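Read through the structure below, which is laid out as structure tokens, and then see the notes.
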Amino acid sequence: MLPLEKLNSASRAFLVTSVMIFGITSVEIVFAKIYNSSLLIVDSYHGFLDAFGALLYSILLKIVYRRTKRFPWGLYNLESLAILMTSGVIVFLSIDYLSTVVKANYEVPAWLSVFAWASSGITLIAYLIERSYSWIGVVRTDLLHSKLDFVMEIISGIAIISENYYFNISVIVVIILFILVDTAREVKESILSLVGASCECPIKERIYEILKGFNIDVSKVYVRRLGSFFMVYVIVRMPENAELRKAYRVRKKVNRLVYSFDSVAMVEVKIVPKKVKTTKGKRLANVFEKSANDKVDEVDRAQLKPTGKSSTRV
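Numbering (this note's numbering), first residue to last: 11 to 324.
Here it is, written out as structure tokens:
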């Protein structure tokens with residue numbers, strides 16, 4: 011099962027990351043507007059997207075940490091709904107700005123590169139903070155994202171200093187494409203989460219193999235997304251004459267094994283009776299044997315039945 015105390019700590023780390031990124035991005039976009047720096051404006055869009063994503067992760071981890079009946083699984087869809095709304099705004103701004111990128115201004119003071127490099131410094135700090143929670147699936151994804159952000163922000167700073175028209179355009183286009191690709195991936199996962207679609211994720215095969223390794227007769231494993239986490243539904247077969255106590259032990263064992271995966275937030279286990287397969291010939295043989303035994307019993311009863319007549323010979 012997810013170690014809840016560490017989840018709470020990871021939630022606070024994401025909150026700190028969100029505040030830091032939002033702070034530097036707010037200052038960045040103010041100066042970008044003052045000096046009409048196209049590159050910094052686009053970079054600030056990306057920064058707001060990252061800050062909002064970190065805030066969502068913080069809220070989601072807090073919900074998982076406080077997982078009780080007061081927090082039904084439907085709350086996990088809040089992340090997906092928020093991502094869809096935010097993605098729409100970000101995509102609109104990015105495409106709108108991409109249409110004006112050719113006429114944009116690239117001759118800006120070189121010291122504005124400080125904001126791009128300050129963003130890269132914040133990204134590096136966030137990476138170091140979150141690295142200790144890399145056992146959580148959503149954190150591993152965010153760590154990879156942070157590496158890409160760090161590189162792009164360093165290049166952005168160099169592009170501002172260079173004041174080279176084509177270099178600046180290339181960096182802006184790459185950042186916008188990076189935003190659009192990342193947003194498309196988030197939107198796809200959010201839609202799959204909201205519609206409750208069963209996803210063919212690597213975790214599905216891993217769960218199946220682990221349960222089989224413990225000699226558990228698994229019929230099916232279904233996995234669906236709950237935001238950045240997973241809900242797992244497992245169907246287990248057991249003999250029809252199995253004791254209720256044994257079925258309860260198996261159910262508890264499956265729950266414990268599935269919850270050991272760090273991205274699993276909810277588990278449902280259903281136990282179904284195992285079907286006994288019989289061949290047609292075997293069924294007919296059983297019928298003939300039963301019929302023969304019945305006839306033998308009738309003959310024996312007839313021989314043992316008293317006649318009710320007695321005769322004496324003098």
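From the three backbone atoms N, C-alpha and C, an ideal C-beta is built for every residue, glycine too. Since this is a predicted model, take the numbers as computed values, not measurements.
Span separating the alpha-carbon of residue i from that of residue j
i	j	result
F271	I168	42 Å
S68	S172	38 Å
G291	V277	Low confidence applies here, because G291 scores a pLDDT of 46, under 50, leaving its location unreliable; read the following figure in that light. Cα to Cα, G291 sits roughly 42 Å from V277.
V29	I73	19 Å
L202	I93	13 Å
W121	I217	53 Å
F32	F58	6 Å
R235	D152	17 Å
T27	A257	45 Å
A136	E219	35 Å
I51	I189	13 Å
N214	I105	Checking the sequence shown, residue 214 turns out to be Lys, not Asn. The straight-line gap from Cα to Cα measures roughly 37 Å.
E199	A275	16 Å
K263	S180	55 Å
M248	N265	16 Å
Selected residue, minimal CA-CA separation from residue i, among the options
i	options	result
V244	L91, I226, V184 and E253	I226
M162	I139, F125, E140 and S142	F125
P212	L122, S273 and R141	S273
V149	V191, L71, I132 and R261	L71
Y55	N46, Y45 and I39	I39
K16	Y137, I179, S144 and V264	S144
R22	L66, V184 and L153	L66
F24	S142, R247 and G98	S142
V118	Y269, V197, F41 and V264	F41
V99	F62, T133, I132 and E210	F62
E140	E215, S123 and A64	A64
S123	V184, I170, E215 and I189	I170
Status (buried if at least 16 other CB within 10 Å, exposed otherwise) for residue i
i	result
I186	buried
R195	exposed
M95	exposed
N46	exposed
I281	buried
R255	exposed
R259	exposed
N174	exposed
V37	exposed
I132	buried
V242	buried
Distance CB(residue i)-CB(residue j) smaller than 8 Å
i	j	result
V231	K222	no
V10	T193	Residue 10 lies beyond the residue range present for the chain, which begins at 11 and ends at 324; the question has no answer from this structure.
V233	F240	yes
E250	K284	yes
W48	I182	Correcting the residue identity first, residue 48 is Ser in this sequence and not Trp. Cβ distance < 8 Å, so S48 and I182 count as in contact.
I165	W127	no
L158	F224	no
S130	D53	no
S90	G237	yes
V279	V246	yes
F160	L138	no
Q) Which ranges would you report for the alpha helix (DSSP H) in the stretch 206–230 if only whole runs of at least 4 residues count? A) 212–223
**Q.** Completely contained alpha helix (DSSP H) runs for the stretch 132–194, where each covers 4 or more residues
**A.** 147–172
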